[in-house]
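Presented below is the structure to which this report refers.
Here it is as structure tokens:
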């Protein structure tokens, strides 16, 4: 039986973006999802869990996602259709994690987001632009947010002088990125 069976969706224009039109969505839930939060924390990469709240903040690609006992919120949405789709996918994710909780070791640790400066220090810092970014720091910002893959930094993978940095960076980035629609890691 799914944990979340129904919800009420609220989609609004985001007050956080004056430069471009974007939306945010809040799904008000019919169930208390507090029990699933430690399992989500164990399953999702780059989340920050606050057990005393309880709440879980997670960055999924360009979206900020928040899980609370009575609601799920997501931002940086281009329109109402994307808002509905993303909320459905997040609810599906919560229900899949809940169904598989017997296979998952719950994690009540409060993790921190990966910091761009921490990533930047491990890059070649050549500002070559081969990754498609204007330099290594913009690349580090996107990499820390999960918006770009580390393999896009060609010097890091093509030059043996960066082998140690590459290994350390790959270890730092070794987090799980579940597909919202597919299987859990």
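In the numbering used here, the protein residues as written are 14 to 198.
Positions of the beta carbon are idealized from the N, C-alpha and C atoms, including for glycine.
Assignment of residue 21 by DSSP, reduced to helix, strand and coil, places it in the strand class. A check of alpha carbon separations from residue 73 across 166, 149, 44 and 126 identifies 126 as the nearest. Residues 62, 64, 119, 120 and 121 of the same chain have their beta carbon placed closer than 8 Å to that of residue 51, with the five preceding and five following residues left out of the count. Under the three-state reduction of DSSP output, residue 62 falls in the strand class. Look at residue 70 here: in three-state DSSP terms it is strand. Ranked by Cα distance from residue 17, the first of 33, 83 and 55 is 83.
The bridge partners DSSP lists for residue 84 are 41 and 81. Short of 7 Å from the beta carbon of residue 92, and not among the five residues preceding or following it, lie these beta carbons of its own chain, in chain order: 36. Taken through DSSP and simplified to helix, strand or coil, residue 36 comes out as strand. Where residue 126 is concerned, there is no enclosing alpha helix (DSSP H), because DSSP gives it neither an H nor an E.
One thing to note: residue 108 has its Cβ no nearer than 9 Å to the Cβ of residue 168. Note that the C-beta distance between residue 150 and residue 129 is below 9 Å. Taking the C-beta atoms as reference points, residue 104 is found no nearer than 9 Å to residue 55.
Residue 133 and residue 181 have their C-alpha atoms some 12 Å from each other. Cβ atoms of residue 110 and residue 49 come within 8 Å of each other, at about 6 Å.
Restricting attention to 158, 115, 184 and 159, the CA atom closest to the CA of residue 135 is found in 184.
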